[in-house]
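Residue numbering for the sequence shown follows UniProt numbering, starting at 1 and increasing by one per position.
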Amino acid sequence: MTDQEGVRLQKLLSQAGIASRRVAEKMILDGRVEVDDRIVTELGTRVDPSVSVIRVDGVRISIDDTLVHLAINKPIGMHSTMSDDRGRPCVGDLIEHRVRGNKKLFHVGRLDADTEGLLLLTNDGELAHRLMHPSYEVPKSYIATVLGSVPRGLGRKLKDGIELDDGPIHLDDFAVVDTVPGKTLVRVTLHEGRKRIVRRLLAEVGFPVQALVRTDIGGVTLGDQRPGSIRVLTQKEIGELYKAVGL
Numbered sequence: 001m002t003d004q005e006g007v008r009l010q011k012l013l014s015q016a017g018i019a020s021r022r023v024a025e026k027m028i029l030d031g032r033v034e035v036d037d038r039i040v041t042e043l044g045t046r047v048d049p050s051v052s053v054i055r056v057d058g059v060r061i062s063i064d065d066t067l068v069h070l071a072i073n074k075p076i077g078m079h080s081t082m083s084d085d086r087g088r089p090c091v092g093d094l095i096e097h098r099v100r101g102n103k104k105l106f107h108v109g110r111l112d113a114d115t116e117g118l119l120l121l122t123n124d125g126e127l128a129h130r131l132m133h134p135s136y137e138v139p140k141s142y143i144a145t146v147l148g149s150v151p152r153g154l155g156r157k158l159k160d161g162i163e164l165d166d167g168p169i170h171l172d173d174f175a176v177v178d179t180v181p182g183k184t185l186v187r188v189t190l191h192e193g194r195k196r197i198v199r200r201l202l203a204e205v206g207f208p209v210q211a212l213v214r215t216d217i218g219g220v221t222l223g224d225q226r227p228g229s230i231r232v233l234t235q236k237e238i239g240e241l242y243k244a245v246g247l
């Protein structure tokens, strides 16, 4: 790339929604911006957004406007597939008329039809692959409703590990969120992706799940998103996902 090719760095930062161009210029001068692992402090620097990796304060930002990163609150009864040959409602139906051209989106992980919650969609193939690969140990959190009162010590037991029919499993974190007559809401965090793993784990210790919602994947949180709603991830959230998988 010659000096006259590419896009000025401050313009890219502005287009990516990081800051106004004037603030972006100050960020560059202050040494807060890296291009391909090198701190850049010259305002005239041009970069190729299709190949360059840019970080601000150490966090990678997405500058390729062909990439799509979405968060969906998958409703109960909907399948996590992009299409279904049996005509059942699926995520592909949800985005068909709401995401420009669909852009060959991947769903990151799956949720059972009877589980609500956070599902990520992206056409960033390497990011999707790493988020789903167990070696990167990206944590996922769920709120589960179980019958009865949870005894003290259950969290420690689950963190220490439980043996299931397909191997051992242990939680990264466990907490009681709320109690109502006859039911308890618990928050579980784990980095495993085995099928129905949360339901199987809690059933194994005598607390079958009555309702389940995935609330977090890495640094992305469901928050107050309504079931069926779609939103674009923020640059901060995308950067957190990149960081979690070493990109």
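The beta-carbon is built from N, C-alpha and C at its ideal position, and this holds for glycine as well.
Remember, predicted model here, so these are calculated numbers, not experimental data.
Segment limits, beta strand (DSSP E) that includes residue i
i: Y242; result: Counting along the chain, Y242 falls outside any beta strand (DSSP E), though it belongs to the alpha helix (DSSP H) covering Q235 to A244.
i: I230; result: I230 to V232
i: L212; result: V209 to I217
i: L247; result: Counting along the chain, L247 falls outside any beta strand (DSSP E), and DSSP gives it neither H nor E.
i: L185; result: K183 to L190
i: H69; result: H69 to K74
Beta carbon proximity, residue i to chain B, threshold 9 Å
i: I95; result: No chain B appears in this structure, which consists of one protein chain only.
Beta-carbon contacts of residue i that lie in its chain and below 7 Å, excluding the five residues immediately before and after
i: V176; result: V150, T184 and V186
i: V7; result: R46, V47 and P49
i: S52; result: V35 and D36
i: D57; result: R32
i: R21; result: Q10, K11 and S14
i: T215; result: G117, L118, S141, Y142, I143, T221 and L222
i: D178; result: L185
i: L111; result: K74, S80, G117, L119 and R214
i: R196; result: D112
i: G92; result: T81, M82 and S83
Cβ-based neighbour list, residue i, same chain, cut-off 6 Å, excluding 5 preceding and 5 following
i: D3; result: For D3, the predicted model reports a pLDDT of 45, less than 50, meaning its position is unreliable; a value from the coordinates is still stated below. Counting only Cβ-Cβ distances below 6 Å, and skipping sequence neighbours, we find nothing.
i: R90; result: It is Cys, not Arg, that sits at residue 90 in the sequence shown. Counting only Cβ-Cβ distances below 6 Å, and skipping sequence neighbours, we find H79, T81 and D84.
i: M1; result: Confidence at M1 is low in this model, with a pLDDT of 48, below 50, so its placement is unreliable and the value that follows should be read with caution. Contacts found: D48.
i: L190; result: L171 and D172
i: F174; result: G155, L158 and V188
i: Y242; result: R60
Straight-line Cα distance separating residue j from residue i
i: L105; j: T41; result: 36 Å
i: P181; j: A211; result: 16 Å
i: R231; j: D114; result: 22 Å
i: D172; j: R156; result: 10 Å
i: G17; j: H69; result: 15 Å
i: K140; j: K11; result: 35 Å
i: H219; j: G228; result: Checking the displayed sequence, the identity of residue 219 turns out to be Gly instead of His. If I take the Cα positions, the gap works out to 21 Å.
i: D160; j: E204; result: 14 Å
i: R194; j: I72; result: 21 Å
i: R109; j: L120; result: Correcting the residue type first, residue 109 is Gly in the shown sequence and not Arg. Straight-line Cα distance between these residues: approximately 8 Å.
i: E25; j: L127; result: 29 Å
i: I217; j: L43; result: 36 Å
i: E240; j: H129; result: 16 Å
i: V245; j: L131; result: 7 Å
i: R60; j: I169; result: 32 Å
i: E192; j: I39; result: 36 Å
i: G77; j: T122; result: 22 Å
i: L247; j: F207; result: 38 Å
i: I95; j: R152; result: 43 Å
i: D124; j: T234; result: 15 Å
i: R55; j: V23; result: 15 Å
i: R86; j: E5; result: 50 Å
i: H107; j: I238; result: 15 Å
Where the alpha helix (DSSP H) containing residue i begins and where it ends
i: V198; result: I197 to E204
i: R88; result: Note, R88: premise wrong, no alpha helix (DSSP H); not H, not E.
8 Å Cβ shell around residue i - same chain, five flanking residues per side excluded
i: V209; result: A144, T145, V146, V198, R199, L202 and A203
i: A19; result: L13 and M27
i: K236; result: V59 and G219
i: L29; result: T41 and L43
Checklist entry - Below 8 Å, can you find three or more Cβ-Cβ pairs linking the stretch 152 to 166 to the stretch 134 to 143? => result No, the stretch 152 to 166 does not touch the stretch 134 to 143.
Checklist entry - Should the stretch 56 to 65 be regarded as contacting the stretch 217 to 224, the criterion being three or more beta carbon pairs within less than 8 Å? => result Flag = no, the stretch 56 to 65 and the stretch 217 to 224 do not touch.
Item to check | Every unbroken beta strand (DSSP E) within the UniProt domain "RNA-binding S4" (7 to 67), with a cutoff of 3 residues, ordered by chain | outcome: Here the runs fully enclosed are 33 to 35 and 54 to 56.
Item to check | Ordered list of beta strand (DSSP E) runs contained in the stretch 137 to 181, each at least 3 residues | outcome: The qualifying runs are 140 to 147, 162 to 164, 167 to 169 and 173 to 180.
Checklist entry - What are the start and end residues of each continuous alpha helix (DSSP H) run of 4 or more residues lying completely inside the stretch 97 to 136, in chain order? => result Under the rule that a run must span 4 or more residues, the alpha helix (DSSP H) segments found entirely inside the stretch 97 to 136 read 125 to 132.
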